[in-house]
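Here is the structure we will look at, set down as C-alpha coordinates.
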Amino acid sequence: MATVEKMPMLQMGYDKLNTQLRELKAERPLIVDAIEEARAHGDLSENAEYHAAKERQGQVEATINDLEDKLSRAQVIDPKTLSGNKIVFGATVTLLDEDDKPVKYQIVGQAEADAKQGMISYNSPLGRALIGRTVGEDVEVSVPSGDKFYSVDKIEFI
(Lines of atoms letter the chains of each structure in order from A; the text may use other names.)
(Lines give C-alpha, C1' and ligand atoms only; values in the text may rest on other atoms or scores of the structure.)
Protein backbone atom coordinates (compact mmCIF):
# COMPACT_ATOMS: atom_id res chain seq x y z
CA MET A 1 0.00 0.00 0.00
CA ALA A 2 1.37 3.41 -0.95
CA THR A 3 1.97 5.92 1.78
CA VAL A 4 0.84 9.48 1.32
CA GLU A 5 3.78 11.80 1.67
CA LYS A 6 3.06 14.87 3.78
CA MET A 7 3.86 18.19 2.18
CA PRO A 8 5.38 20.66 4.66
CA MET A 9 4.47 24.31 4.18
CA LEU A 10 4.06 27.51 6.12
CA GLN A 11 0.62 28.96 6.85
CA MET A 12 1.27 31.57 4.16
CA GLY A 13 1.75 28.85 1.52
CA TYR A 14 -1.37 26.99 2.67
CA ASP A 15 -3.43 30.19 2.45
CA LYS A 16 -2.02 30.95 -1.02
CA LEU A 17 -3.04 27.49 -2.32
CA ASN A 18 -6.49 27.83 -0.74
CA THR A 19 -7.00 31.23 -2.44
CA GLN A 20 -5.98 29.80 -5.83
CA LEU A 21 -8.39 26.88 -5.33
CA ARG A 22 -11.30 29.20 -4.49
CA GLU A 23 -10.58 31.37 -7.54
CA LEU A 24 -10.49 28.38 -9.89
CA LYS A 25 -13.68 26.91 -8.46
CA ALA A 26 -15.36 30.29 -9.00
CA GLU A 27 -14.21 30.18 -12.64
CA ARG A 28 -15.92 26.82 -13.30
CA PRO A 29 -19.43 28.21 -14.01
CA LEU A 30 -17.98 30.87 -16.32
CA ILE A 31 -16.26 28.17 -18.38
CA VAL A 32 -19.46 26.13 -18.59
CA ASP A 33 -21.28 29.25 -19.81
CA ALA A 34 -18.57 29.85 -22.44
CA ILE A 35 -18.89 26.23 -23.63
CA GLU A 36 -22.67 26.51 -23.89
CA GLU A 37 -22.43 29.78 -25.78
CA ALA A 38 -19.85 28.35 -28.19
CA ARG A 39 -22.03 25.25 -28.73
CA ALA A 40 -24.89 27.50 -29.77
CA HIS A 41 -22.79 28.73 -32.71
CA GLY A 42 -23.22 25.40 -34.46
CA ASP A 43 -20.56 23.17 -36.03
CA LEU A 44 -18.14 22.21 -33.24
CA SER A 45 -15.43 20.84 -35.55
CA GLU A 46 -14.36 24.33 -36.61
CA ASN A 47 -15.44 26.26 -33.55
CA ALA A 48 -12.32 27.85 -32.01
CA GLU A 49 -14.23 29.34 -29.05
CA TYR A 50 -15.60 25.91 -28.14
CA HIS A 51 -12.20 24.22 -28.34
CA ALA A 52 -10.54 27.02 -26.34
CA ALA A 53 -13.22 26.82 -23.63
CA LYS A 54 -12.92 23.02 -23.44
CA GLU A 55 -9.14 23.28 -23.20
CA ARG A 56 -9.42 25.89 -20.43
CA GLN A 57 -11.88 23.62 -18.62
CA GLY A 58 -9.36 20.77 -18.73
CA GLN A 59 -6.59 23.02 -17.43
CA VAL A 60 -8.75 24.34 -14.59
CA GLU A 61 -9.91 20.87 -13.54
CA ALA A 62 -6.33 19.53 -13.56
CA THR A 63 -5.12 22.46 -11.48
CA ILE A 64 -8.03 22.08 -9.03
CA ASN A 65 -7.17 18.39 -8.59
CA ASP A 66 -3.51 19.25 -8.03
CA LEU A 67 -4.31 21.97 -5.48
CA GLU A 68 -6.78 19.73 -3.62
CA ASP A 69 -4.12 16.99 -3.47
CA LYS A 70 -1.49 19.39 -2.09
CA LEU A 71 -3.90 20.81 0.49
CA SER A 72 -4.97 17.35 1.62
CA ARG A 73 -1.31 16.40 2.20
CA ALA A 74 -0.33 19.75 3.72
CA GLN A 75 1.49 19.75 7.02
CA VAL A 76 1.41 23.38 8.17
CA ILE A 77 4.46 24.26 10.23
CA ASP A 78 4.82 27.41 12.33
CA PRO A 79 8.54 28.31 12.52
CA LYS A 80 7.98 30.20 15.79
CA THR A 81 7.26 26.87 17.52
CA LEU A 82 10.62 25.44 16.44
CA SER A 83 13.98 25.75 18.13
CA GLY A 84 17.39 24.17 18.10
CA ASN A 85 20.82 24.69 16.63
CA LYS A 86 20.28 22.81 13.35
CA ILE A 87 18.73 24.08 10.14
CA VAL A 88 15.28 22.55 9.64
CA PHE A 89 12.19 23.34 7.58
CA GLY A 90 10.94 26.84 8.47
CA ALA A 91 14.30 28.12 9.75
CA THR A 92 15.58 31.49 8.60
CA VAL A 93 19.28 31.20 7.85
CA THR A 94 21.89 33.89 7.39
CA LEU A 95 24.77 32.68 5.25
CA LEU A 96 28.04 34.30 4.36
CA ASP A 97 28.97 33.87 0.70
CA GLU A 98 32.50 33.59 -0.69
CA ASP A 99 32.97 37.37 -0.28
CA ASP A 100 31.65 37.30 3.33
CA LYS A 101 28.53 39.07 2.09
CA PRO A 102 25.49 38.01 4.15
CA VAL A 103 22.52 36.41 2.37
CA LYS A 104 19.34 35.42 4.18
CA TYR A 105 16.96 32.59 3.26
CA GLN A 106 14.00 30.90 4.85
CA ILE A 107 13.56 27.18 4.20
CA VAL A 108 9.98 26.73 2.94
CA GLY A 109 7.79 24.35 0.94
CA GLN A 110 7.70 24.12 -2.84
CA ALA A 111 4.39 26.02 -3.07
CA GLU A 112 5.80 29.12 -1.41
CA ALA A 113 9.39 29.14 -2.68
CA ASP A 114 10.53 32.43 -4.21
CA ALA A 115 14.30 32.94 -4.23
CA LYS A 116 13.92 36.66 -5.02
CA GLN A 117 11.99 37.01 -1.75
CA GLY A 118 14.59 34.98 0.16
CA MET A 119 12.41 31.87 0.39
CA ILE A 120 13.95 28.63 -0.89
CA SER A 121 12.38 25.20 -1.09
CA TYR A 122 13.61 22.53 1.29
CA ASN A 123 14.25 20.27 -1.71
CA SER A 124 16.08 22.82 -3.86
CA PRO A 125 19.82 22.17 -4.19
CA LEU A 126 20.66 24.84 -1.59
CA GLY A 127 17.79 23.83 0.69
CA ARG A 128 18.90 20.18 0.69
CA ALA A 129 22.51 21.24 1.36
CA LEU A 130 21.46 23.40 4.33
CA ILE A 131 19.11 20.99 6.15
CA GLY A 132 20.81 19.59 9.25
CA ARG A 133 23.72 22.09 9.23
CA THR A 134 24.72 24.16 12.27
CA VAL A 135 26.27 27.61 12.77
CA GLY A 136 29.87 27.73 11.59
CA GLU A 137 29.55 24.88 9.09
CA ASP A 138 30.60 25.39 5.50
CA VAL A 139 28.21 24.44 2.73
CA GLU A 140 29.08 23.68 -0.88
CA VAL A 141 26.21 23.48 -3.35
CA SER A 142 26.22 22.79 -7.07
CA VAL A 143 23.79 25.00 -8.97
CA PRO A 144 23.37 25.56 -12.72
CA SER A 145 25.64 28.62 -12.58
CA GLY A 146 28.44 26.62 -10.89
CA ASP A 147 29.52 25.63 -7.40
CA LYS A 148 28.68 28.03 -4.57
CA PHE A 149 30.27 28.11 -1.14
CA TYR A 150 28.59 29.44 1.99
CA SER A 151 29.24 29.51 5.71
CA VAL A 152 26.27 29.26 8.10
CA ASP A 153 26.34 32.47 10.17
CA LYS A 154 23.00 32.45 12.00
CA ILE A 155 19.90 30.25 12.41
CA GLU A 156 16.61 31.85 13.50
CA PHE A 157 13.06 30.60 13.95
CA ILE A 158 10.90 33.62 13.18
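Start counting the sequence shown at 1; every next residue gets the next number (the UniProt record's numbering).
We treat Cβ as the ideally placed atom computed from N, Cα and C, and that holds for glycine.
Contacts around residue i, its chain only, beta-carbon distance under 8 Å, and the 5 residues preceding and following it disregarded
i, result
"Val135", "Asn85, Val152, Asp153, Lys154, Ile155"
"Lys16", "Ala111, Glu112"
Spatial distance of residue i from residue j (CA atoms)
i, j, result
"Arg22", "Phe149", "42 Å"
"Glu27", "Asn18", "14 Å"
"Ile77", "Glu98", "32 Å"
"Tyr14", "Asp43", "43 Å"
"Gly118", "Lys104", "6 Å"
"Gln106", "Gly90", "6 Å"
"Asn47", "Ala38", "7 Å"
"Pro102", "Asp147", "17 Å"
"Val4", "Glu36", "38 Å"
"Gly137", "Tyr50", "Going by the sequence as given, residue 137 is Glu instead of Gly. Whole-angstrom Cα-Cα distance: 59 Å."
"His41", "Ser72", "40 Å"
Residue i: first and last residue of the uninterrupted beta strand (DSSP E) it sits in
i, result
"Ala74", "74 to 76"
"Asp33", "Not the beta strand (DSSP E): Asp33 falls in the alpha helix (DSSP H), residues 11 to 39."
"Gly146", "146 to 156"
"Asp138", "138 to 143"
Close-in-space but distant-in-sequence residues of the same chain around residue i (CB under 6 Å, 5 per side omitted)
i, result
"Ala74", "Met7, Met9, Tyr14"
query: Does the pairing of the stretch 124 to 134 with the stretch 22 to 41 give three or more beta-carbon distances under 8 Å?
result: Cβ pair count under 8 Å is below three, so no.
Segment contact flag, the stretch 140 to 147 with the stretch 81 to 94, C-beta cutoff 8 Å, min 3 pairs: Result no; under three Cβ-Cβ pairs closer than 8 Å.
- prompt: Counting pairs of Cβ atoms below 8 Å between the stretch 51 to 61 and the stretch 114 to 122, do you hit three or more?
  reply: Contact fails: fewer than three Cβ-Cβ distances are below 8 Å.
task: State whether the stretch 84 to 104 contacts the stretch 60 to 69, with contact taken as three or more CB pairs (one from each stretch) at a distance under 8 Å.
output: With the rule of 3 Cβ pairs closer than 8 Å, the stretch 84 to 104 does not count as touching the stretch 60 to 69.
task: Could you name each continuous beta strand (DSSP E) segment of 3 residues or more that falls completely within the stretch 54 to 129, going from the start of the chain to the end?
output: Whole beta strand (DSSP E) segments, 3+ residues: 74 to 76, 92 to 96, 102 to 108, 119 to 121.
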